[in-house]
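Undergrad: The structure follows.
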Amino acid sequence: MRILLDTRAELDSIDKHGDTPLSLAMYRGLSSSVRFLLGAGADPAKRGQDGCPVPQYLIDFFGCTNDVDAVAVLTRQAASQGVNSRDENGSRLLERAAWLGSPAAVKALLHAGAKPNLSGKRSRRALHFAAELMCHPDGEEAVAALLEAGADPDVRDKDGLTPLICAALKGSSAAVLALLEAGANPSLLDKDGSAPLHYAARLMSDPRGHEAVAALATAAPATLNLARADGLTPACTAAFHGSPAAVRFLRNAGANFNIIWRPPNSGLLIAEMMRHPDGTYVIEAMLDMGYDALQPIRAGVTPRHFALSTNSLPLIKAVLGKELNPPDSDVRAKMEELREAYLALPASSDVTRPLDLLSYLYSVTHYYPSISPDQREVTKLPSLRPAGQGGFGECWRGTFLGRHPVAMKCARSYVRQETATRRTSREMVMWKTLRHPNILPFIGSITLGSELYMVSPWMANGDAGVYVKRHPKVDRAAILLQVAKGLCYLHTRTPAVVHGDLKAANVLISKNGEAQIADFGLSRRAVKGDSNGCSTSWRIAGNARWQAPELVQTSDDESEEPAPRTTESDMFAFGRLMFEIYTGKYPFFHIKDDIVVLNSLVRGTLQLKRPTEPEVVSRGLDDNIWQLITNCCHEEPARRLTVQKLIAGLKKFSSRRRSSTTSTGSD
């Protein structure tokens, strides 16, 4: 009010009903507001349709500089008009003394014969102003005096408010606790169906708020989930009043949040919390309890739309982090907008905020707006040697968006530039179209210096072969099932995609233990002519230890095309992969020279033998699993398992094994 007056607000301005700020403060306001306005020079005589004049005895009371003189004003008024009579506004002196927050005046008037249960203006009694009394150090004595004099702690005013509801509404924990101790009923409701617990938000702003709310919830547990006339429960009301603390407390006390998500209130609640600086917790609680972040709120805007429009990372996390549906085009559009804004910033700018947002959205979606990131988005970490290498490529470590570890794959230094570019481009064309939980994501490509790198997430657990050696007790059937699901995704695309180089080294394990198929350098679409234009070295590439017989057989006719890789040859390789995963060794590990293995396979003198070592059998390589391996590796391509049948078998035998293990363990 002081700020308003200092900015030349009119002290005695009149509303359409003829009322002034002072007359309205007298009608339903606080005594402190009346005191301030009188002190500022407001005219006490002006009033309109709804307001009240200021009686002279109150003007005299506010003019006193000490409690003794102030109490004397009220006792003189009692002597002249009668201690239980009404003033010109319909109020009684005892009611006014409590409204004024004067414990001394209350006790003096009680001593003079004031009756605490006589109704005053709007049927209120002195006990309805317990909150005002409790602001004074002696307030508890005054409330006790009223109760001792017979004041009814459950009496209602014209609006159905009890003293306890009034105390909660005014946020007075001390008054609530005092009235509860005196036997006030916390289950009584006002005319709108509100219980004292509906005002938990106001109480939580008080130092003893937790204590008061806990006392109300304990004394009246039925009101914890009580919906008032407009359908709002105490928790919902707390959220509307912008009190995450009250929402958290009520939730922990057992509030059922499912009750409050009924239109139209739920949308309004979300909108309210989105504007509140501490509303993130409330939104998280709502989403935890099943609120749909895609349900429109005001003007058809969904919580997701609003959250994305704010660029507020906490709010975006609260909404997207709890969504049941995967992020859609809205999120992708936001990422495109953020990326454009980020790249447009001058080099000296603080990029923390856009990078934080982009980084989070990428972690949620595993999507990035461009597959051609620039040097501000991808950084190669300095190192003297690559983190890994194969026959054609090598892998270096890097970071994406300054936060995400990535693998940066390029051709080995001895590979001719033309060959490297051709092979890398071919792999990217295939890889960038693939999206599946068990396929290694393709982030993009970047040229640093003269080197073209393919960028993908860094797999902290390495490849599947390394992983099973480091984790000997891992569920190997589960790993194979994940790989099979990724392979099924490839084989059931239109047209089907043949991986062409399936082995443990090309199955990577994420930090969460998820298997993801990698390395699409030898992949092709299963359509006639897809390999046209490819070099002979690419067509015959691969390691014979995992290759199907039709791929390693040679012909005397030099004009005959090498057999193409097929979905059937992938299934053969999967059988050899199963051998790797269960034994921890590559096929024909006892022969170190790959050329010797190739020649032996061509001659038909080398067969994969079933391992019988106890430790291998204990890992799950039983008769059923070996039969799956055998069926995958059949000499005749047409008789090999399809990936769908393989998945069914892995599910069947792995679940049977888990049941057996559980049963054995319980014995």
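Numbering-wise (this note's numbering), the sequence shown opens with residue 775 and increments by one. No residue lacks a Cβ here, since even glycine has one placed at the ideal position from N, Cα and C.
(1) My assumption, with CB atoms under 8 Å, is that Q823 sits in contact with H791. Please give the rounded CB distance.
(2) Measure the alpha-carbon distance for R930 versus A1107 and round it to whole angstroms.
(3) What does V1271 pair with, by DSSP beta-bridge criteria?
(4) Rounded to whole angstroms, what is the Cα-Cα separation between N1405 and Y1141?
(5) Leaving aside the five residues before and after G913 along the sequence, list all residues of the same chain whose C-beta is less than 6 Å from its C-beta, in chain order.
(6) With DSSP run on the structure shown, which of helix, strand or coil describes T1416?
(7) Are at least three pairs of beta-carbons, each pair with one atom in the stretch 1157–1164 and one in the stretch 1127–1145, less than 8 Å apart?
(8) Per DSSP, which one or two residues make a beta bridge with M1228?
(9) So A761 is in the alpha helix (DSSP H); what residue range does that whole segment cover?
(10) Following the continuous alpha helix (DSSP H) through Q1256, name the residue where it begins and the one where it ends.
(11) Identify every run of the alpha helix (DSSP H) within the stretch 1356–1404, keeping only runs that are complete inside it and at least 4 residues long; order them along the chain.
(12) Which of the three DSSP states is assigned to Q823 in this structure?
(13) Hey, F1353 and L1382: beta-carbon distance below 8 Å or not?
(14) Are the stretch 1208–1216 and the stretch 1286–1299 touching, with three or more C-beta to C-beta distances below 8 Å?
(15) Looking only at its chain, what residues have a beta carbon closer than 8 Å to the beta carbon of D834, apart from the 5 residues adjacent to it on each side?
(16) Is F1166 helix, strand or coil when you go by DSSP?
(17) What does R1025 pair with, by DSSP beta-bridge criteria?
(18) Check Q1321 in the structure and name its three-state DSSP category.
(19) So Q855 is in the beta strand (DSSP E); what residue range does that whole segment cover?
(20) To the nearest angstrom, how far is it from the Cα of K1247 to the Cα of S1187?
(21) Quick check: L1155 and G1167, are their CB atoms within less than 8 Å of each other?
(22) What is the rounded straight-line gap between the Cα of F903 and the Cα of D861?
(23) Helix, strand or coil for E985, going by three-state DSSP, please let me know.
(24) Rounded to whole angstroms, what's the CA-CA distance from N1030 to R976? Just pull it up for me.
(25) Answer with buried or exposed for L778, where buried requires no fewer than 16 other C-beta atoms within 10 angstroms of its C-beta.
(26) Give the C-beta separation of A941 and V950 to the nearest angstrom, bearing in mind that I take them to be a contact with Cβ-Cβ under 8 Å.
(27) Should I1220 and A1238 be called a contact, given that it needs their Cβ atoms to be closer than 8 Å?
(28) Check this for me: beta carbons of V880 and A900, under 8 Å apart or not?
(29) For K1419, which residues of its own chain have a beta-carbon under 7 Å away from its beta-carbon, when the five flanking residues on both sides are left out?
(30) Given this structure, state the Cα-to-Cα distance separating T997 from D926, to the nearest angstrom.
(31) Report the rounded CA-to-CA distance for Y1356 versus V1417, giving the unit in angstroms.
(32) Going by DSSP, which residues form a beta bridge with T1153?
TA: On the basis of the coordinates in this document:
(1) Their Cβ separation, rounded to whole angstroms, is 4 Å, which keeps Q823 and H791 in contact under 8 Å.
(2) 56 Å
(3) R1299
(4) 37 Å
(5) P877 and L907
(6) coil
(7) no
(8) Paired residue(s): K1183 and S1219.
(9) The requested residue 761 is not part of the displayed model; the chain covers only 775 to 1441.
(10) R1250 to H1265
(11) For the stretch 1356–1404, whole alpha helix (DSSP H) runs of length 4 or above, ordered along the chain, are 1368–1377 and 1388–1392.
(12) coil
(13) In contact: F1353 and L1382 (Cβ atoms closer than 8 Å).
(14) yes
(15) V847
(16) coil
(17) Its beta-bridge partners do not exist; DSSP assigns none.
(18) Note: Q1321 maps to coil in three-state DSSP.
(19) It is not in any beta strand (DSSP E) - Q855 instead sits in the alpha helix (DSSP H) that spans D841 to Q855.
(20) When rounded, the distance between both Cα atoms is 39 Å.
(21) Result no, Cβ atoms of L1155 and G1167 do not sit closer than 8 Å.
(22) 18 Å
(23) helix
(24) Straight through space, the alpha carbons of R976 and N1030 are spaced by roughly 20 Å.
(25) Here L778 is exposed: its Cβ has fewer than 16 other Cβ atoms, across all protein chains shown, within 10 Å.
(26) 5 Å
(27) No, they are not a contact pair.
(28) yes
(29) There are no such residues.
(30) Taking the straight line from one Cα to the other gives about 22 Å.
(31) Approximately 19 Å between the Cα atoms of the pair.
(32) Looking at the DSSP assignment, T1153 forms a beta bridge with T1173.
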